[in-house]
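Here is the structure we will look at, set down as structure tokens.
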Amino acid sequence: MASRTLKLAAIGTAGGAFSGLLGVGGGSVIVPLLIVWLGYGAREATGTSLMAIVVIAAVAVTLQAFYGNVDPPNAALVGIPAIGGALAGTALQQRIPERTISLLFAGLLVVVAGKLILS
Amino acid sequence: MSSVAAAIMGFAGGMVGGLLGVGGGVLFVPALVIFMDETQVRAEATSLLAIVPVALVAVWRQLGYGNVRVRDGLVIGALSPIGVGIGVVTSNSIPQRALELTFAALALVIAAQLVIRALRPRPDAQEESA
């Protein structure tokens, strides 16, 4: 049990480090580590990752707001349609096999790697 | 017209977020940079604000489907600020290009592992691979 908590701690730290280093979202690290390292099912990994992201994004945006970097009207412009997208995405996710979710995620990681290499 | 394009990319980002368990910043940030003329720093900060309600709604739905381990998610979330601190300090002491290439390689290795797992006959147990 203790080693499980340590692994969760390591995943949290890795997710945070990834964001702090490169501005890449923590979710792209958290989801695959939960699957590969802790044996989570793909659906559980994505749901649990989102729980962590709520905390991470809330803390990070509060800090950024102190630096005056946040633009609320533009956040609403992308964020409000995105809520609709998230409802559609979670509903769709329940209808596809877990291995398809994993394969789609692998595709996302390739896109992230491509962006890093080309930046 | 460009705000319509940004809103469409926002919807797509939310969809990717809900489907794959990420915040959606992978699309929010370019939408804000390309269509709303935000700088990279402002776009990333603004994207975080958009992510909060999106992730909340997605978590609420996933809770209903029984796909959230709340305690695990909170442990990960609570400890990630330590990682952010380590990341920021490291990024100021190591060349950015080396970091980008290292993480790109890591992302590709993890992608390969996911593909191998997905194509393997279904291991149902909570096994832990080394």
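Chains as they are written, first to last, in my numbering: chain X, 1 to 119; chain G, 1001 to 1130. Beta carbons are placed, not taken as given, at the ideal position from N, Cα and C, and that holds for glycine.
Any chain X beta carbon closer than 7 Å to residue i
i, result
"G/V1057", "yes"
"G/V1109", "no"
"G/I1082", "yes"
"G/T1046", "yes"
"G/R1120", "no"
"G/D1072", "yes"
"G/M1036", "yes"
"G/V1004", "no"
"G/I1051", "yes"
"G/M1001", "no"
Test: residue i CB closer than 7 Å to a CB of chain G
i, result
"X/L77", "yes"
"X/S3", "no"
"X/R95", "no"
"X/T62", "no"
"X/L118", "no"
Residue i versus residue j: straight-line alpha-carbon distance, rounded
i, j, result
"G/I1086", "X/A17", "6 Å"
"G/V1109", "G/A1007", "33 Å"
"G/V1004", "X/V31", "31 Å"
"G/N1092", "X/R95", "44 Å"
"G/Q1096", "X/V112", "16 Å"
"G/I1051", "G/L1020", "14 Å"
"X/L118", "G/A1104", "10 Å"
"X/T100", "G/A1118", "8 Å"
"X/V78", "G/F1011", "7 Å"
Neighbourhood of residue i by C-beta, 8 Å cutoff - its chain only, sequence neighbours within 5 removed
i, result
"G/V1016", "V1022, G1024, V1026, L1027"
"G/M1009", "L1027, F1028, P1030, A1031, F1035"
"G/S1129", "For G/S1129, the predicted structure reports a pLDDT of 46, less than 50, and the residue's modelled location is therefore unreliable. A value from the coordinates is still provided. Nothing meets the Cβ criterion."
Near the ligand HEM: residue i beta-carbon under 6 Å from a heavy atom
i, result
"G/G1010", "Ligands are entirely absent from the displayed structure, and the ligand HEM is therefore not among its contents."
Residues of its chain near residue i, where Cβ-Cβ distance is below 7 Å and the 5 sequence neighbours each way are ignored
i, result
"X/K7", "W37, L38"
Interface flag, residue i vs chain A, CB-CB below 7 Å
i, result
"X/L109", "Of the protein chains in this structure, namely X and G, none is chain A."
Other residues of its chain near residue i: CB distance less than 6 Å, five sequence neighbours each side excluded
i, result
"G/G1013", "G1024, L1027, F1028"
(request) Please go through the region 1052-1095 of chain G and give each complete alpha helix (DSSP H) segment of 4 or more residues, from N-terminal end onward. (result) 1070-1091
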